[in-house]
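Working notes, structure below.
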Amino acid sequence: MEFHDAVAVQAGKPLEVTTVQLEEAGAGEVLVEVKATGAAATYRVDLRSLDELPARELYDLLRMRVDVFVVEQNCPYPELDGKDIDALHLRLLEGAELLGAARILKPYEPQDPSKIGRVVVSPDHRGKRLGDVLMSEAIAACERLYPENPIALSAQAHLRRFYQSFGFIAVSQEYLEDGIPHIDMVRQQATQPA
C-alpha cells in the first residue's frame, strides 16, 4: 500500500492532499482525500493508458477537453493531437462523474523530462481548487514513474503563478500555441540538482 502527502499553495492558503491506495481498486486507481479551508471532500484519482479506458469514460474525457480547450477558449485547433495514444491519463472522479483530468507523457530519452499537459477542470466544478489536486497528483505520478527526470509543461501564460506554486520555473519566453500565449516551465525532481 502506497501513501504520500502533498501540499500545494495558492493565494497563500495551503491545500492538504493525502493519497492512499484503495483496497478494492483496479490498476492505477487511488483514493484522494482533500482538505481545504476547513472543508473535506473525497475524490478518486485514476491513472490509465488510453487502451485501458472504457469507451464511455474515454468519451467523457475527450468531450470535456474539447468543451474547454476548443469551444470555451474559442481555439479551433486539433485537440486530438496524436499524443494521447502513448500518454497516461489521470482523471479526478467523484463517483462516476469526471471532475478533471491531466495527461502525462513519458520521457522520450533517458535524460528528457516527463511532461504534464491538458490539465483541465470541468466547468461545473471550478472554484473547488481541483486544479491543485490535479497538479499534486500529476506531479506525484511523475515522481513515482520517472523519479530521475525533471517534469516539464507548456503553461498558458496567465497560469504561470499557479504552476510556480508547484515548483515550476519558466524556461522560455512567451510564445503562441494554438493562438494562446504559452510559456515552457520545468520542475526539477528532488533527486535532481536545481
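Residues in the sequence shown are numbered from 8 upward in steps of one, following the numbering used here.
The beta-carbon is built from N, C-alpha and C at its ideal position, and this holds for glycine as well.
Note that the structure is predicted; figures quoted are calculated from it, not measured.
**OP:** Please classify K90: is it buried, with 16 or more other beta-carbons within 10 angstroms of its beta-carbon, or exposed?
**Re:** The residue given as residue 90 occupies position 83 in the sequence shown. By the neighbour-count rule (16 or more Cβ atoms within 10 Å), K90 is not buried but exposed.
**OP:** Starting from the C-beta of G138, find all residues in its chain whose C-beta is less than 6 Å away, skip the five residues before and the five after it, and write them out in chain order.
**Re:** To locate residue 138, count along the sequence shown from 1; it is residue 131. Taken in chain order, the residues that qualify are V128.
Original post:
What is the rounded straight-line gap between the Cα of E86 and the Cα of L65?
Top reply: Position 79 of the sequence shown, counted from the first residue, corresponds to residue 86. Position 58 of the sequence shown, counted from the first residue, corresponds to residue 65. Between E86 and L65, the C-alpha separation is close to 14 Å.
Original post:
At which residues does the alpha helix (DSSP H) containing G138 begin and terminate?
Top reply: Residue numbering aside, residue 138 sits at position 131 when the sequence shown is read from its first letter. First-last of the alpha helix (DSSP H) with G138: L137 to L152.
Subject >> V126 classed as buried or exposed, judged by whether at least 16 other C-beta atoms fall within 10 angstroms >> reply: Position 119 of the sequence shown, counting from 1, holds the residue named residue 126. Flag for V126 reads buried.
Original post:
Is it true that the CB of P157 sits closer than 7 Å to the CB of V193?
Top reply: Residue 193 sits at position 186 when you count from the first residue of the sequence shown. Residue 157 sits at position 150 when you count from the first residue of the sequence shown. Yes, they are a contact pair.
**OP:** Sort L152, A148 and S143 by Cα distance to G174 and report the nearest one.
**Re:** The residue you call residue 174 lines up with position 167 of the sequence shown. The shortest C-alpha separation from G174 is found at S143.
Original post:
How is P188 classed by DSSP in three states: helix, strand or coil?
Top reply: For the purposes of this step, residue 188 is identified with residue 181 of the sequence shown, where counting begins at 1. Residue state, collapsed to three classes: strand.
**OP:** In angstroms with no decimal places, state the Cα-to-Cα distance between L141 and A62.
**Re:** As a first step, residue 141 must be located in the sequence shown, where it is residue number 134. As a first step, residue 62 must be located in the sequence shown, where it is residue number 55. Roughly 22 Å separates the two Cα atoms.
Original post:
Among V178, P114, D58 and H132, which one has its Cα closest to the Cα of L105?
Top reply: As a working note, residue 105 is residue 98 in the sequence shown. Nearest neighbour of L105 by Cα position, chosen from V178, P114, D58 and H132, turns out to be H132.
Subject >> Endpoints, beta strand (DSSP E) assigned at A62 >> reply: One-based indexing of the sequence shown puts residue 62 at position 55. Annotation: A62 is outside any beta strand (DSSP E); the continuous alpha helix (DSSP H) that includes it extends over A62 to R72.
Original post:
So, helix, strand or coil for D53, using DSSP?
Top reply: Position 46 of the sequence shown, counted from the first residue, corresponds to residue 53. The answer is strand: DSSP assigns D53 an E or B state.
Original post:
Between A241 and K122, is the Cβ-Cβ spacing less than 7 Å?
Top reply: Here the chain has residues from 8 to 201 only, and residue 241 is not among them.
Subject >> Option nearest D67 by Cα separation, candidates G134, G107, R168 and D191 >> reply: Looking up residue 67 in the sequence shown gives position 60. Taking only the C-alpha atoms, the option nearest D67 is G107.
**OP:** On a CA-only basis, which of R136, D93, R168 and G134 is nearest Y115? Give me that one, please.
**Re:** The residue given as residue 115 occupies position 108 in the sequence shown. Nearest of R136, D93, R168 and G134 to Y115, Cα basis: D93.
Subject >> Close-in-space but distant-in-sequence residues of the same chain around C82 (CB under 8 Å, 5 per side omitted) >> reply: On the sequence shown, position 75 is the one that residue 82 refers to. F76, D185, G186 and I187.
Subject >> Proximity winner among A177, Q195, K135 and S56, relative to E101 (alpha-carbon distances) >> reply: Translated into positions along the sequence shown, residue 101 becomes position 94. With distances taken between Cα atoms, E101 lies closest to K135.
**OP:** Helix, strand or coil for Y7, going by three-state DSSP, please let me know.
**Re:** Outside the shown range of the chain, which is 8 to 201, sits residue 7, and nothing can be said about it.
**OP:** Compare the C-alpha of G124 against each of P130, Q118, K113 and P117 and name the closest.
**Re:** Here residue 124 is taken as the residue at index 117 of the sequence shown, counted from 1. For G124, the closest C-alpha among the options P130, Q118, K113 and P117 is that of K113.
Subject >> Same chain only: Cβ atoms within 7 Å of S179, ignoring 5 sequence neighbours per side >> reply: Against the sequence shown, residue 179 aligns to sequence position 172. So the qualifying residues of the chain are I190 and D191.
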